[in-house]
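Residue numbers (the working numbering): 2 to 105.
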């Protein structure tokens, strides 16, 4: 139940600055360019499949994460020779640059 004179938060409005400021993570494979959204914009399915900080990733979950973060580009990525582990290589490289581990 809403209270009179209370502003209602709109998630679209709250997400807008993240979407506008977000820089997709680009990488290249076999001459083709792919990109990953920033983690703040990942679907829940990908976040649920990520390993907890310090845990070893489950190989099956790696495929789930790759499919969800690449979305419609996943088949093109696979056709170019990409593997789910390659997505984690990109994430690990970025995490190292930022001083964190995947899952943090």
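From the three backbone atoms N, C-alpha and C, an ideal C-beta is built for every residue, glycine too.
Query                                                                                          : Result
Distance, residue 23 Cα to residue 89 Cα                                                       : 19 Å
Residue 57, DSSP secondary structure in three states                                           : coil
Short CB-CB distance (under 8 Å) between residue 70 and chain B                                : Among the chains of the structure shown, chain B does not appear; only one protein chain is present.
Burial state of residue 10, where buried means 16 or more other Cβ atoms lie within 10 Å       : exposed
Bounding residues of the alpha helix (DSSP H) (the contiguous stretch that carries residue 48) : 45-50
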